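When the letters of the sequence shown are read in order and numbered with mature numbering (1 follows the signal peptide of the UniProt record, and there is no 0), they come out as residues -20 to -1, 1 to 459.
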Amino acid sequence: MTFLCQTILLLGAVLWCVKADPVHILSQNLEQIITSSTLQWFATDGSDPTILKQGVVAAYQTIDDGTKLEESDTTDNDIQKNTHPVYVCRAKVTSIWVTGQLRPRNHVCVVSLYRKVQEFRQFEVLTNIDDSARLSWVGKSKYTNLPQGAVTSGENLLRTFVGRRATSSHNKPGSLTHYVGTFNPSENLGVYSVVDQNNNEITFEDGEILVETEPISYELKAIKYKRVLGGRRFVKKKVILAHTVLKNDENGLQKVESVMDYKYDYFLSWGKGHGILTGLPFTVFLPNNSQISGSWGLAQPYEKLETVPVHKHLEEGTAVNVTLVGNFTEMDMPYTATVIALYKDGERREFVIEDTKRENKVLDISFDFSPVYFLHNNSFVPTTTTTTTTTTTTTTTTSRSTSTTHEVAPMSVPEVILQKKQEELHAESKKTDPSIEDNSILAASTLEKKPDHSASSSSSITASLALFNLALLAVLRLT
């Protein structure tokens, strides 16, 4: 048992709760029952029209509202302008749930049990949540089996089902298109106990029972996110995701690349309920033309692994520490979408839902780089760079050497003459004075020295004149 509550602003805040009970249908094995995700029993006194907007219609009743219809105006559906829906309801009689009919303009549920017809002002109405259930009335007699998805009357010891029997309606005031009541498969292999427009119980061996056909999957399309007054504000928490080191062990400037892996608990939910079977597969077609799949109503957080690339240009022998950070964000985004239910027989049914998309993920991924440092001593690379501009100027200087004719040029003594005179002096010195031999040897050794280059200085001239005088003196002595 669940309670649906609304807040009504009427002279203050008043909390109004409506009791809702689950609906059970026959499972595939035709023995057990399961809970329907698309149908519910809502408690009411018949005065709330909002509940009846989603009520399950079992028949139509002709009401005299001043509009006259001809006999030829009837249709196969028996729905005319002066007919009003009759809803499926149930009431508890001596602890037994009995299904009946809620007629227009009457706020009572009419049921019959043990051939006794009763009216109840406190009852429950069978509702189709968001018109999401695929309902049909299937013929059933004592000679046929109960179909899968047959809707039960309630949690009774003896299982009964919602049933009806077609009538011959002539659009007379008060006439019904179908008599609505209960089908009891345990009584005489199957008996329909229904009530006519005059509150008389009638039994039949053949009729129709209400069946819900479940889909095999869903699709969510045409998703539109709602605008929130003041903008969307999401809960964000900064987290450190991963660490790594980029280093350049090669020569010269290099682009160092790497990848960083990180994990976090990812969560995505598109809501639950709305008559969509819990656990059934569904595919979401996002506005950016991408698709995601999942199981409806069973969203669970799971560990998600993601990878991001990182790179940096580094000089030779340097490295940098990299920290990957992001914002773990919890997002709630209201949306509207069209749900398409896909059935085994190929039928498709569409209905619109409104819910909130809840997603927890990491956003705003960024890198924090440490200062670049040297690998050999872990010291930081200087970050302040001084730019020096060097201008090179090439100056060509031309030197001119000028010779002046007024300068005294030294006289050079011919080498051959000096050598000849040296030999003669040497021969004569042996015969006469030995001291002259020494002087001649000194003069000869002096004359053998050749200057490396011509000099115009006064020292060179003086030396040449001294040699000449010495040689001349030696000649005079010999003569």
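Using N, Cα and C, we set each Cβ at its ideal position, and we do this for glycine too. Please read these numbers as outputs of a predicted model, since none were measured by experiment.
Practice problem: Check L355 in the structure and name its three-state DSSP category. | Solution: Within the sequence shown, the letter at position 375 stands for residue 355. L355: coil per DSSP, three-state reduction.
Self-check item: Cutoff 6 Å; reference S39; Cβ partners in own chain excluding five residues on either side
Solution: The residue labelled residue 39 in the question sits at position 59 within the sequence shown. For the sequence presented, residue 39 should be read as Ala rather than Ser. For A39, where only same-chain residues beyond five positions count, the Cβ hits under 6 Å are V66, L156, T157, H158 and V160.
Quiz prompt | Proximity below 8 Å, CB of P153 to CB of D44 | solution = Stepping through the sequence shown from its first residue, residue 153 is reached at position 173. Stepping through the sequence shown from its first residue, residue 44 is reached at position 64. A contact, by the Cβ cut-off of 8 Å.
Quiz item: Measuring CB to CB, does T263 end up less than 8 Å from L278?
Solution: As a first step, residue 263 is located in the sequence shown; it is residue number 283 there, counting from the start. As a first step, residue 278 is located in the sequence shown; it is residue number 298 there, counting from the start. Result no, Cβ atoms of T263 and L278 do not sit closer than 8 Å.
Quiz item: Whose CA, out of S350, V290 and S346, lies closest to the CA of S238?
Solution: Residue mapping note: residue 238 aligns to position 258 of the sequence shown, counting from 1. The candidate whose alpha carbon is nearest that of S238 is V290.
Self-check item: V191 beta carbon less than 8 Å from that of G134
Solution: Your numbering for residue 134 matches position 154 in the sequence shown. Your numbering for residue 191 matches position 211 in the sequence shown. Not closer than 8 Å, so no.
Practice problem: Could you please give me the residues that DSSP links to R328 through a beta bridge? | Solution: Taking the sequence shown and counting its residues from 1, one reaches residue 328 at position 348. R328 pairs with L322.
Quiz item: Mapping DSSP to helix, strand and coil, what is L32?
Solution: Counting from one through the sequence shown, the residue named residue 32 turns up at place 52. L32: helix per DSSP, three-state reduction.
Exercise. Confirm, please, whether the CB-CB distance from V88 to T24 is below 8 Å.
Key: As a first step, residue 24 must be located in the sequence shown, where it is residue number 44. As a first step, residue 88 must be located in the sequence shown, where it is residue number 108. No, the pair does not count as a contact, with Cβ atoms beyond the cut-off.
Quiz item: Looking at the C-beta of H254, does it have a partner C-beta in chain D at a distance below 8 Å?
Solution: Considering every chain present, this structure includes no chain D. It has just one protein chain.
Quiz item: Excluding five sequence neighbours on each side, which residues of the same chain lie with their C-beta closer than 7 Å to the C-beta of I220?
Solution: Stepping through the sequence shown from its first residue, residue 220 is reached at position 240. Cβ neighbours of I220 beyond the five flanking positions: T303 and V305.
Self-check item: Beta-carbon gap between R114 and A321 smaller than 8 Å
Solution: Start at 1 with the first residue of the sequence shown, and residue 114 comes out as number 134. Start at 1 with the first residue of the sequence shown, and residue 321 comes out as number 341. Taking 8 Å as the Cβ cut-off, R114 and A321 qualify as a contacting pair.
Practice problem: Pull up the distance between the alpha-carbon of V73 and that of V215, whole angstroms please. | Solution: On the sequence shown, position 93 is the one that residue 73 refers to. On the sequence shown, position 235 is the one that residue 215 refers to. For V73 and V215, the distance between alpha carbons rounds to 52 Å.
Quiz item: What is the DSSP secondary structure of A299, reduced to helix, strand or coil?
Solution: Taking the first residue of the sequence shown as 1, we reach residue 299 at position 319. A299 falls in the strand class under three-state DSSP.
Quiz item: Grouping DSSP H, G and I as helix and E and B as strand, with all else coil, what is I109?
Solution: What you label residue 109 is simply residue 129 of the sequence shown in a count that begins at 1. DSSP places I109 in helix when its eight states are reduced to three.
Quiz item: Should R101 be labelled buried (16 or more other beta-carbon atoms within 10 Å of its own) or exposed?
Solution: Counted from its first residue, the sequence shown places residue 101 at position 121. Burial call: exposed.
Practice problem: Report all residues from its chain with a CB closer than 6 Å to the CB of T363; omit the five preceding and five following residues, and keep chain order. | Solution: Position 383 of the sequence shown, counted from the start, is the residue given in the question as residue 363. Around T363: no qualifying Cβ.
Exercise. Compare the beta carbon distance of residue 472 and V36 with 8 Å and say whether it is the shorter of the two.
Key: Shown here, the chain extends from -20 to 459; a query on residue 472 therefore has no answer.
Quiz item: Can you tell me the Cα-Cα spacing of Q8 and F141, whole angstroms?
Solution: Translated into positions along the sequence shown, residue 8 becomes position 28. Translated into positions along the sequence shown, residue 141 becomes position 161. Answer to the nearest angstrom: the Cα atoms are 16 Å apart.
Quiz item: Using a Cβ-Cβ cut-off of 6 Å (strictly less than) and excluding sequence neighbours within five positions of N301, which residues of its own chain qualify?
Solution: Counting from 1 along the sequence shown, the entry for residue 301 is found at position 321. So the list reads V225 and S350, once near-sequence residues are dropped.
Quiz prompt | Cβ contact check for the segment 243 to 255 and the segment 338 to 353: 3 or more pairs under 8 Å | solution = As far as the Cβ criterion goes, the segment 243 to 255 touches the segment 338 to 353, which means the pair count is three or higher.
Self-check item: I203 and P267 closer than 8 Å at C-beta
Solution: Within the sequence shown, numbered from 1, the residue matching residue 203 stands at position 223. Within the sequence shown, numbered from 1, the residue matching residue 267 stands at position 287. Yes, the pair counts as a contact, with Cβ atoms nearer than the cut-off.
Practice problem: Give me the Cα-Cα distance between T79 and L260, rounded to the nearest whole angstrom. | Solution: Numbered from its first residue, the sequence shown carries residue 79 at position 99. Numbered from its first residue, the sequence shown carries residue 260 at position 280. Those two C-alpha atoms are separated by around 30 Å.
Self-check item: 8 Å contact criterion, which V175 and S92 should meet: CB distance rounded
Solution: For the purposes of this step, residue 175 is taken as the residue at position 195 of the sequence shown. For the purposes of this step, residue 92 is taken as the residue at position 112 of the sequence shown. Sure, about 5 Å apart at Cβ, within 8 Å.
Quiz item: Alpha carbon to alpha carbon, what distance is there between Y315 and Y123?
Solution: The sequence position of residue 123 within the sequence shown is 143, counting from 1. The sequence position of residue 315 within the sequence shown is 335, counting from 1. Approximately 49 Å between the Cα atoms of the pair.
Quiz prompt | Best match in I256, L447, L343 and Y94 for proximity to T162 [C-alpha to C-alpha] | solution = Along the sequence shown, one-based indexing puts residue 162 at 182. Comparing Cα-Cα distances from T162 to each of I256, L447, L343 and Y94, the minimum goes to Y94.
Quiz item: Whole-angstrom Cβ separation of R139 and F184, contact assumed at under 8 Å?
Solution: On the sequence shown, residue 139 is found 159 positions in, with the first residue counted as 1. On the sequence shown, residue 184 is found 204 positions in, with the first residue counted as 1. Not a contact, Cβ separation roughly 19 Å.
Exercise. Answer yes or no: do T298 and V342 have a C-beta to C-beta separation smaller than 8 Å?
Key: Position 318 of the sequence shown, counted from the start, is the residue given in the question as residue 298. Position 362 of the sequence shown, counted from the start, is the residue given in the question as residue 342. No.
Quiz prompt | Selection from W117, D111, L200 and G255 that minimises the alpha carbon distance to S270 | solution = Taking the first residue of the sequence shown as position 1, residue 270 is located at position 290. If we check each option's Cα against that of S270, L200 comes out closest.
Self-check item: Endpoints, beta strand (DSSP E) assigned at Y159
Solution: Walking along the sequence shown from the start, residue 159 turns up at place 179. Element bounds for Y159: H158 to N164.
Exercise. Could you tell me the distance, in whole angstroms, from the CA atom of G326 to the CA atom of K(-2)?
Key: To locate residue 326, count along the sequence shown from 1; it is residue 346. To locate residue -2, count along the sequence shown from 1; it is residue 19. If I take the Cα positions, the gap works out to 35 Å.
Self-check item: Limits of the unbroken beta strand (DSSP E) element including P261
Solution: What you label residue 261 is simply residue 281 of the sequence shown in a count that begins at 1. Unbroken beta strand (DSSP E) run through P261: P261 to F265.
Self-check item: Same chain only: Cβ atoms within 7 Å of L452, ignoring 5 sequence neighbours per side
Solution: Residue mapping note: residue 452 aligns to position 472 of the sequence shown, counting from 1. Closer than 7 Å at Cβ, skipping near neighbours: no residue.
Quiz item: When DSSP labels each residue in this structure, what does L450 get in the three-state scheme?
Solution: Position 470 of the sequence shown holds residue 450. Assignment of L450 by DSSP, reduced to helix, strand and coil, places it in the helix class.
Quiz item: By DSSP, does L445 sit in helix, in strand, or in coil?
Solution: For the purposes of this step, residue 445 is taken as the residue at position 465 of the sequence shown. It is helical.
Exercise. Over the uninterrupted beta strand (DSSP E) stretch that includes L221, give me the two end residues.
Key: On the sequence shown, position 241 is the one that residue 221 refers to. From DSSP, the beta strand (DSSP E) with L221 extends over V215 to K227.
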